[in-house]
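S.K.:
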Amino acid sequence: MKVEVYADVICPWCYIGKRRVAAAVTGLADPPEVRWRSFQLAPTASTRPGPTAAEAMSEWWGERAPQRVAHIKAIGLQDGLELNLDRARPVNTFDAHRLLHLAADHGRQDQAWESLLRGFHTEGLDIADSETLSDLGTRAGLPQADVHELLTGDRHAGTVRQDQDKAREHQVTGVPSLVIGDGRPTSAVLPVAELRRLLSP
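With this note's numbering, the residue at position 94 of the sequence shown is 86, and numbering never jumps.
1) What does Leu109 pair with, by DSSP beta-bridge criteria?
2) Does the region 41 to 61 touch the region 122 to 137, meaning 3 or more C-beta pairs lie closer than 8 Å?
3) Once DSSP output is grouped into helix, strand and coil, what is the label at Glu51?
4) In angstroms, rounded to a whole number, what distance separates the CA positions of Thr85 and Ala120?
5) DSSP state of Leu170, grouped into three classes?
6) Between which two residues does the beta strand (DSSP E) carrying Arg90 extend?
7) Which residue marks the beginning of the alpha helix (DSSP H) containing Glu161, and which one marks its end?
8) For a test of the three-state rule: what should DSSP assign to Ser179, helix, strand or coil?
9) Tell me the rounded alpha-carbon separation between Gly72 and Trp5.
10) For Ala132, which three-state DSSP category applies?
11) Nearest to Trp100 by CA position, among Ala80, Lys(-6) and Ala132, is which residue?
12) Whether or not the region 55 to 69 and the region 92 to 108 are in contact is what I'm after, with contact meaning three or more pairs of Cβ atoms, one per stretch, closer than 8 Å; do they touch?
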């Protein structure tokens, strides 16, 4: 069974979705391999950190923003996550996605997603900064030399763009989106029991 999840590092729901998909797969008699795919929510965003995620939500939702922020934080806590939307500052994630594909080459995809998601959402790190990405990559067990080569070149730039094209083919419009086989995308933040049913052979 081919299982893909389209996600972006700056999305708090993707961190929640990652935990739920992992929980759903755990314990299955024949667990599928889950491949995480790149989906940039803001491909034209600056590489310089701007307002925090909480401040950006205030612009989108006005007086409803504090309630929305509190809701996301509470849902995160239920899944064991500390989502600090008042520290996380959205940036362009293109290089972060390139690093995640490098991690997949080394069989460290899961560890790298965890490292970057935690770095951004919990620690409030700048995931567009090369030094920060290098540190997060080595935390995930990637060879420092390979990370340096990636960040000083254009390796996996095409891979990220291919994922974006695949997302359009699958009609993915938001993240995290779960795609099983050639089926239509569905939310990856469904309850664990529902995700387990969908992912069972």
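Quick reminder that beta carbons are idealized off the backbone N, C-alpha and C, glycines included.
M.R.: For this structure:
1) Looking at the DSSP output, Leu109 shares a beta bridge with no other residue.
2) The region 122 to 137, when compared against the region 41 to 61, does not touch it at the 8 Å Cβ threshold.
3) Reduced to three states, the DSSP call for Glu51 is helix.
4) Just so you know, the alpha carbons of Thr85 and Ala120 end up roughly 6 Å apart.
5) When secondary structure is reduced to three states using DSSP, Leu170 falls in the strand class.
6) Segment Phe86 to Asp97 is the alpha helix (DSSP H) holding Arg90; no beta strand (DSSP E) there.
7) Ala149 to Glu161 is the span of the alpha helix (DSSP H), which, as asked, contains Glu161.
8) In the displayed model, Ser179 falls within a strand according to three-state DSSP.
9) For Gly72 and Trp5, the gap between their C-alpha atoms comes out near 13 Å.
10) Correct three-state label for Ala132: coil.
11) One point to set straight first is that residue 100 is Arg, not Trp, in the sequence displayed. With respect to the C-alpha of Arg100, the residue from Ala80, Lys(-6) and Ala132 having the closest C-alpha is Ala132.
12) Flag = no, the region 92 to 108 and the region 55 to 69 do not touch.
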